[in-house]
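Asks: Here it is, the structure in full.
Numbering (our numbering), first residue to last: 157 to 238.
Structure representation (structure tokens):
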């Protein structure tokens, strides 16, 4: 049974990534902030949006990507009342 094609390097073996890098010098590193977007949205809204775009674009661009790096520093959200 053939394995489903993946562009996320976390699902590839070391040799597969090495082969990819012989002909490509780009690996996308997705980042998304972890912050509030109102009471109706999850804190990971930016991360979910980022990964949706990356996962859709990678097979079209034939470009590998890493797992998402969550980031965030939003002091303007501190102490707000809901």
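Positions of the beta carbon are idealized from the N, C-alpha and C atoms, including for glycine.
Since we're looking at a predicted model, the values are computed, not measured.
So, is residue 205 buried or exposed, given that buried needs 16 or more other C-beta atoms within 10 angstroms?
Replies: Residue 205 should be labelled exposed.
Asks: Quick check: the segment 164 to 182 against the segment 196 to 203, are at least 3 beta-carbon pairs closer than 8 Å?
Replies: Short answer: they don't touch.
Asks: Fully enclosed by the segment 171 to 218, which alpha helix (DSSP H) runs are 4 residues long or longer?
Replies: Counting whole runs of 4 or more residues, the segment 171 to 218 contains the alpha helix (DSSP H) stretches 201 to 217.
Asks: Checking the sheet assignment: what are the DSSP bridge partners for residue 226?
Replies: Paired residue(s): 188.
Asks: Is it the case that the Cβ atoms of residue 203 and residue 226 are separated by a distance below 8 Å?
Replies: Contact flag set, yes.
Asks: Exposed or buried, which one is residue 209 when buried takes at least 16 other CB atoms within 10 Å?
Replies: Answer is exposed; the Cβ neighbour count stays below 16.
Asks: Within the same chain, show all residues whose beta-carbon is closer than 6 Å to that of residue 220, passing over the 5 residues directly before and after it, in chain order.
Replies: These residues qualify, in order along the chain: 163, 165, 176 and 183.
Asks: Have a look at residue 178 and residue 169 and give me their C-alpha separation to the nearest angstrom.
Replies: Taking the straight line joining both Cα atoms gives about 15 Å.
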